[in-house]
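In order, the protein sequence lines correspond to chains A, B and C. Each residue of the first sequence is one higher than the one before, starting from 3 at the first, in my numbering. Each residue of the second sequence is one higher than the one before, starting from 3 at the first, in my numbering. Each residue of the third sequence is one higher than the one before, starting from 3 at the first, in my numbering. Using N, Cα and C, we set each Cβ at its ideal position, and we do this for glycine too. Right, one structure below, let's go through it.
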Amino acid sequence: MDWSLSIDKAIPKPLRVIFRGAGQVFFCCNAVTGLIFLIALYVGGITAGLAATVGVISSTVTAYLLGFSDDDIDAGLYGFNGTLVGPCLFLFLENTPQLWLFVVLASMLSTVVMAALMRILQPYNIPVSTSPFVLTCWMFMVAVYSFDGFSRGPVLPAQGIPVEIVADSVASTSAWFATFTQDVTVAWYTAITKGVAEVMFADSIIVGILFLVGIAITSLRGAFMALSGAIVGVVVPILLGADQTLIEMGLYAFNPVLTMMAVGWVFLKPSTGSALLALLAGILTVICQAGLANFLAPIGLPTLTFPFVLVMWMFLFAASRSRYWGNSN
Amino acid sequence: MDWSLSIDKAIPKPLRVIFRGAGQVFFCCNAVTGLIFLIALYVGGITAGLAATVGVISSTVTAYLLGFSDDDIDAGLYGFNGTLVGPCLFLFLENTPQLWLFVVLASMLSTVVMAALMRILQPYNIPVSTSPFVLTCWMFMVAVYSFDGFSRGPVLPAQGIPVEIVADSVASTSAWFATFTQDVTVAWYTAITKGVAEVMFADSIIVGILFLVGIAITSLRGAFMALSGAIVGVVVPILLGADQTLIEMGLYAFNPVLTMMAVGWVFLKPSTGSALLALLAGILTVICQAGLANFLAPIGLPTLTFPFVLVMWMFLFAASRSRYWGNSN
Amino acid sequence: MDWSLSIDKAIPKPLRVIFRGAGQVFFCCNAVTGLIFLIALYVGGITAGLAATVGVISSTVTAYLLGFSDDDIDAGLYGFNGTLVGPCLFLFLENTPQLWLFVVLASMLSTVVMAALMRILQPYNIPVSTSPFVLTCWMFMVAVYSFDGFSRGPVLPAQGIPVEIVADSVASTSAWFATFTQDVTVAWYTAITKGVAEVMFADSIIVGILFLVGIAITSLRGAFMALSGAIVGVVVPILLGADQTLIEMGLYAFNPVLTMMAVGWVFLKPSTGSALLALLAGILTVICQAGLANFLAPIGLPTLTFPFVLVMWMFLFAASRSRYWGNSN
Numbered sequence: 003m004d005w006s007l008s009i010d011k012a013i014p015k016p017l018r019v020i021f022r023g024a025g026q027v028f029f030c031c032n033a034v035t036g037l038i039f040l041i042a043l044y045v046g047g048i049t050a051g052l053a054a055t056v057g058v059i060s061s062t063v064t065a066y067l068l069g070f071s072d073d074d075i076d077a078g079l080y081g082f083n084g085t086l087v088g089p090c091l092f093l094f095l096e097n098t099p100q101l102w103l104f105v106v107l108a109s110m111l112s113t114v115v116m117a118a119l120m121r122i123l124q125p126y127n128i129p130v131s132t133s134p135f136v137l138t139c140w141m142f143m144v145a146v147y148s149f150d151g152f153s154r155g156p157v158l159p160a161q162g163i164p165v166e167i168v169a170d171s172v173a174s175t176s177a178w179f180a181t182f183t184q185d186v187t188v189a190w191y192t193a194i195t196k197g198v199a200e201v202m203f204a205d206s207i208i209v210g211i212l213f214l215v216g217i218a219i220t221s222l223r224g225a226f227m228a229l230s231g232a233i234v235g236v237v238v239p240i241l242l243g244a245d246q247t248l249i250e251m252g253l254y255a256f257n258p259v260l261t262m263m264a265v266g267w268v269f270l271k272p273s274t275g276s277a278l279l280a281l282l283a284g285i286l287t288v289i290c291q292a293g294l295a296n297f298l299a300p301i302g303l304p305t306l307t308f309p310f311v312l313v314m315w316m317f318l319f320a321a322s323r324s325r326y327w328g329n330s331n
Numbered sequence: 003m004d005w006s007l008s009i010d011k012a013i014p015k016p017l018r019v020i021f022r023g024a025g026q027v028f029f030c031c032n033a034v035t036g037l038i039f040l041i042a043l044y045v046g047g048i049t050a051g052l053a054a055t056v057g058v059i060s061s062t063v064t065a066y067l068l069g070f071s072d073d074d075i076d077a078g079l080y081g082f083n084g085t086l087v088g089p090c091l092f093l094f095l096e097n098t099p100q101l102w103l104f105v106v107l108a109s110m111l112s113t114v115v116m117a118a119l120m121r122i123l124q125p126y127n128i129p130v131s132t133s134p135f136v137l138t139c140w141m142f143m144v145a146v147y148s149f150d151g152f153s154r155g156p157v158l159p160a161q162g163i164p165v166e167i168v169a170d171s172v173a174s175t176s177a178w179f180a181t182f183t184q185d186v187t188v189a190w191y192t193a194i195t196k197g198v199a200e201v202m203f204a205d206s207i208i209v210g211i212l213f214l215v216g217i218a219i220t221s222l223r224g225a226f227m228a229l230s231g232a233i234v235g236v237v238v239p240i241l242l243g244a245d246q247t248l249i250e251m252g253l254y255a256f257n258p259v260l261t262m263m264a265v266g267w268v269f270l271k272p273s274t275g276s277a278l279l280a281l282l283a284g285i286l287t288v289i290c291q292a293g294l295a296n297f298l299a300p301i302g303l304p305t306l307t308f309p310f311v312l313v314m315w316m317f318l319f320a321a322s323r324s325r326y327w328g329n330s331n
Numbered sequence: 003m004d005w006s007l008s009i010d011k012a013i014p015k016p017l018r019v020i021f022r023g024a025g026q027v028f029f030c031c032n033a034v035t036g037l038i039f040l041i042a043l044y045v046g047g048i049t050a051g052l053a054a055t056v057g058v059i060s061s062t063v064t065a066y067l068l069g070f071s072d073d074d075i076d077a078g079l080y081g082f083n084g085t086l087v088g089p090c091l092f093l094f095l096e097n098t099p100q101l102w103l104f105v106v107l108a109s110m111l112s113t114v115v116m117a118a119l120m121r122i123l124q125p126y127n128i129p130v131s132t133s134p135f136v137l138t139c140w141m142f143m144v145a146v147y148s149f150d151g152f153s154r155g156p157v158l159p160a161q162g163i164p165v166e167i168v169a170d171s172v173a174s175t176s177a178w179f180a181t182f183t184q185d186v187t188v189a190w191y192t193a194i195t196k197g198v199a200e201v202m203f204a205d206s207i208i209v210g211i212l213f214l215v216g217i218a219i220t221s222l223r224g225a226f227m228a229l230s231g232a233i234v235g236v237v238v239p240i241l242l243g244a245d246q247t248l249i250e251m252g253l254y255a256f257n258p259v260l261t262m263m264a265v266g267w268v269f270l271k272p273s274t275g276s277a278l279l280a281l282l283a284g285i286l287t288v289i290c291q292a293g294l295a296n297f298l299a300p301i302g303l304p305t306l307t308f309p310f311v312l313v314m315w316m317f318l319f320a321a322s323r324s325r326y327w328g329n330s331n
């Protein structure tokens with residue numbers, strides 16, 4: 003909205019770039035929105051907030067030092083991957099002193115990977131999005147097994163492919179129906195807000211609401227798509243019979259949130275058609291989330307936002323060949 | 003052949019597009035050939051035939067709705083991945099009511115992935131081939147572990163990396179020689195025809211013969227390459243000492259069938275040189291098949307036609323840098 | 003150096019191409035350097051030397067037969083992947099008669115993959131480097147589980163993700179300090195030279211020194227970067243507390259050796275800036291090495307030189323978007 007962009011421009015440049023970096027996690031090039039996101043992260047937990055701050059500063063400063071495009075840096079494009087790297091490593095790994103060094107190194111690497119993937123995708127005019135964050139964090143998380151500073155690898159909330167799935171399925175289905183009929187309203191309310199919050203690893207209703215407010219300040223359509231994505235990320239896994247704990251934590255929702263924002267608001271021309279396409283993309287993101295989670299479980303890695311990245315890439319590449327959305331590049 | 007192309011043009015457009023979609027599984031843009039393939043699938047099993055029909059219709063209709071190129075749709079290029087998705091999911095997953103929904107969703111996604119990969123490979127002028135089918139089916143197959151509608155994941159015919167491989171090898175080698183000298187003729191006849199049939203997941207001699215007839219109607223060189231690929235896919239694994247059950251089911255042969263058709267008939271200028279190159283590609287496809295099968299076995303996924311896709315891509319990319327086959331694009 | 007280039011030009015063409023192929027393993031287009039590398043390999047072990055010779059000849063002859071660019075062949079670009087394929091398969095697999103066939107087939111495939119990746123990376127002007135060797139050897143190594151000719155799969159020196167890592171870490175840390183204070187000088191001397199030698203799979207101090215001499219003949223900056231990479235590959239894993247046996251064998255060092263040569267000498271304009279960038283790349287290669295090793299351990303595959311390839315690609319792609327190193331292609 004106009005008033006927020008006026009404030010955005012009034013903020014001193016170094017701060018503005020950092021805030022915009024945080025804002026770009028949800029595609030918002032707006033320092034006010036980014037500031038609200040950072041405040042929300044500190045509300046969710048001091049360590050997460052500090053880690054995000056260290057991350058966004060490290061990755062942005064690295065971009066300056068390596069001489070990448072000033073316009074890109076100014077838009078916060080070299081900040082959002084670092085913003086995510088910090089809280090991610092602190093959620094999944096042990097909180098040791100070495101971890102702060104890892105956050106700085108990983109944020110620096112995320113900037114190199116960002117520039118590299120921007121170069122690779124440049125002829126296609128497709129966004130890199132959060133893929134540098136995902137690839138960098140995966141590498142650091144699986145590397146810690148080799149280093150004495152860490153006594154364990156990443157800890158996942160999900161179980162992956164359960165061995166006893168056959169025996170359980172009948173019992174769990176009937177139990178699930180019982181729970182469903184009792185708690186369905188509460189679960190939805192929790193799951194949908196947490197689904198937005200989990201984009202930055204916060205298991206918190208209030209953080210999710212603050213994120214939605216921040217997005218709404220930049221764009222109402224953006225906030226509507228985020229909310230729709232969270233609803234898809236709760237309804238679809240319920241219909242498919244996915245694990246209820248994961249659904250209630252919002253762990254099926256944060257990827258569709260990003261997919262629907264990207265396809266339905268940011269990267270295609272806003273229309274009823276692109277909204278429907280975003281809905282299809284959101285539904286498929288839920289299945290991709292389940293598939294990738296089971297694929298990565300044996301190696302002990304979480305999906306992070308890669309289901310969103312994969313589905314968004316497929317839909318944006320495909321859209322460029324469509325007579326409705328494509329251009330002739 | 004000319005008479006079949008006359009019939010092809012006489013068939014009403016919607017039917018022709020569907021039939022050509024089936025035909026493109028073996029690179030045949032010919033409705034007569036496609037119709038024979040569909041009939042062969044129904045001969046192999048009513049469910050497989052129905053699943054292929056639902057798949058080819060879903061993927062083709064999706065391409066219309068998303069506004070992709072009319073010429074591509076008309077050539078059946080948005081049909082063959084759906085044709086394969088249907089029987090694939092029914093072979094490897096449980097036959098539950100949810101599975102029909104999955105076949106429709108996966109066929110729709112295969113169309114999105116097809117358009118996306120066409121865009122990615124466009125600057126290189128390299129075909130997407132069956133990669134959308136493979137990637138989509140892998141994702142759906144590994145996703146079902148998370149959903150109550152399915153009580154198990156995909157079931158593979160192969161064992162992957164056997165733990166007791168050392169102990170077995172001496173015994174199995176001598177046993178194999180005994181079997182070899184007795185049944186070698188029968189085994190070859192079975193393995194070669196089934197090798198062609200397994201491209202569409204049919205474990206049947208008659209289906210393989212019908213497929214070969216269908217290909218021969220479009221091109222004799224195509225049928226010759228398919229037959230050569232099947233022979234390579236039986237002889238080479240026998241020489242390398244691979245598992246005999248897998249060889250007899252044609253599971254080492256369906257990938258070289260497609261590789262030799264692609265390299266020796268469809269995508270390079272037909273010549274003695276490209277026939278020899280196809281032979282080398284076919285042999286390497288057998289090794290790639292073994293490697294990828296062992297790589298995917300721990301996660302419980304079959305290779306599908308990915309060995310063919312990988313080897314074909316390598317040879318076609320490489321051919322574009324050769325003074326014999328390349329052009330200066 | 004000038005005298006070595008005069009000799010290089012005086013050597014008959016077929017021999018020169020083969021020697022340059024060996025030289026290109028360390029980015030040296032210089033037959034004298036390549037000859038020293040080959041001699042060093044034979045010093046390390048007759049079989050390794052023979053396997054490298056068979057590999058470099060097979061891959062170079064294949065490039066001639068398939069009609070790839072004469073200039074590329076003459077520079078040894080179709081030789082270095084074959085040079086690596088030979089000793090690699092002999093180190094990790096059983097020494098059976100079939101293995102010589104595998105070395106020839108894998109070297110031929112490495113040439114096809116080389117040409118394919120050259121075509122893919124051509125619009126970006128990024129080198130293929132040793133990725134064809136890595137991809138080809140991975141495929142052949144995991145394939146042997148399916149073939150009777152081999153009674154086992156590849157044998158790794160590393161353990162991957164240790165189950166008992168928690169219990170061990172306290173004990174091993176104190177033990178490590180004890181060892182560290184006693185043997186630190188010897189360990190460094192051994193680890194650094196072996197780190198250079200392990201690029202071609204030689205666990206030998208003398209081979210490492212011969213390699214450094216060979217590189218110095220082509221370029222002193224190249225030799226300096228190689229030595230710096232080896233030091234990074236010893237110091238950084240010691241600081242992070244990695245396994246000491248692996249460090250002493252040079253198994254954390256051979257990848258940073260190549261990364262620092264590529265980033266600090268071959269592919270960016272030599273300057274203090276690019277030397278610092280090479281240092282950062284070298285440090286990140288150590289973490290990438292640990293991550294990829296743990297990722298591949300369950301499937302039984304070694305990282306080979308892929309950590310170097312990945313980090314080099316990221317830094318070179320990124321450099322092309324930097325105002326300090328990039329060009330406007």
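### Task
Please report the residue range of the alpha helix (DSSP H) in which Ile285 of chain C lies.
274 to 298
### Task
Return no unless some Cβ of chain B is closer than 8 Å to the Cβ of Phe308 of chain C.
no
### Query
If you follow the alpha helix (DSSP H) that Leu2 of chain C is part of, which residue opens it and which one closes it?
Since the first and last residues shown for chain C are 3 and 331, residue 2 of chain C lies out of range.
### Query
Nearest to Phe297 of chain B by alpha carbon, out of C:Asn127, C:Leu137, C:Phe256, C:Ile285?
C:Leu137
### Message
Which same chain residues end up closer than 7 Å to Gly266 of chain B when comparing Cβ atoms and leaving out the 5 residues on each side of it in sequence?
### Response
Met227, Ser276, Ala277, Ala280
### Query
For Val230 of chain B, which residues in chain A fall below 7 Å Cβ to Cβ?
Here residue 230 of chain B is Ser; the residue named in the question, Val, does not match the sequence. Neighbours of Ser230 of chain B on chain A: none; closest Cβ ~35 Å, over 7 Å.
### Task
Assuming Met262 of chain C contacts Val238 of chain C (C-beta within less than 8 Å), just tell me the rounded distance between them.
Going by Cβ atoms, the distance from Met262 of chain C to Val238 of chain C rounds to 12 Å, so no, they are not a contact pair.
### Query
Mind pulling the chain A residues with CB within less than 7 Å of Met316 of chain C?
Val114, Val115, Ala118
### Query
How far does the alpha helix (DSSP H) with Arg223 of chain B in it reach, from first residue to last?
222 to 242
### Message
Please return the same chain residues whose Cβ sits closer than 6 Å to the Cβ of Ser171 of chain A, not counting the five positions on each side in sequence.
### Response
Low local confidence applies: a pLDDT of 39 at Ser171 of chain A is under 50, so the model's placement there is unreliable, with the coordinate-based value given in what follows. Same-chain partners within the cutoff: there are none.
### Query
Between A:Val45, A:Asp73, A:Gly84, which lies nearest to Trp102 of chain A when the distance is taken from Cα to Cα?
A:Gly84
#### Entry: Reduced DSSP secondary structure (H/G/I, E/B, other) of Ser131 of chain C
coil
### Query
Quick one: Cα of Ile48 of chain C to Cα of Met202 of chain C, how far?
14 Å
### Message
Closest to Thr62 of chain B by C-alpha separation, out of B:Leu95, B:Ala24, B:Arg121, would be which residue?
### Response
B:Ala24
#### Entry: Assigned exposure category for Asn32 of chain A - 16 Cβ within 10 Å defines buried
buried
#### Entry: Close-in-space but distant-in-sequence residues of the same chain around Ala225 of chain C (CB under 6 Å, 5 per side omitted)
Leu214, Ile217, Ala218
### Query
Is there contact between the stretch 111 to 118 of chain B and the stretch 62 to 75 of chain B, where contact requires at least three CB pairs shorter than 8 Å?
yes
### Query
Are there 16 or more other CB atoms within 10 angstroms of the CB of Asp4 of chain C, so buried, or fewer, so exposed?
exposed
### Gly252 of chain C vs Gly197 of chain C beta-carbon contact at 8 Å
yes
### Query
Anyone know if the C-beta pair for Ala244 of chain B and Ser148 of chain C falls short of 8 Å?
yes
### Message
If I follow the unbroken alpha helix (DSSP H) through Lys11 of chain C, where does it start and stop?
### Response
4 to 12
### Neighbouring residues, chain C, relative to Ala244 of chain B (Cβ below 7 Å)
Ser148, Phe149
### Message
I'd like the list of long-range same chain contacts for Ala189 of chain B, defined as Cβ closer than 7 Å, with 5 residues on each side in sequence excluded.
### Response
Glu250
#### Entry: For Tyr326 of chain A, three-class secondary structure by DSSP
coil
#### Entry: For Glu1 of chain A, the first and last residue of its enclosing alpha helix (DSSP H)
Outside the shown range of chain A (3 to 331) lies residue 1 of chain A, about which nothing can therefore be said.
### Message
What ranges does the alpha helix (DSSP H) occupy inside the stretch 45 to 95 of chain A, keeping only unbroken runs of at least 4 residues that lie completely in it?
### Response
48 to 67, 72 to 76, 82 to 94
### Task
Return the first residue and the last residue of the alpha helix (DSSP H) that Phe317 of chain C is part of.
308 to 321
#### Entry: Alpha-carbon to alpha-carbon, Leu68 of chain A and Leu282 of chain C
11 Å
### Task
May I ask you to report which of helix, strand or coil DSSP gives Lys271 of chain B?
coil
### Neighbour list for Gly197 of chain B in chain A, Cβ cutoff strictly below 7 Å
Near Gly197 of chain B there are no residues of chain A at all, since even the closest Cβ is about 29 Å away, more than 7 Å.
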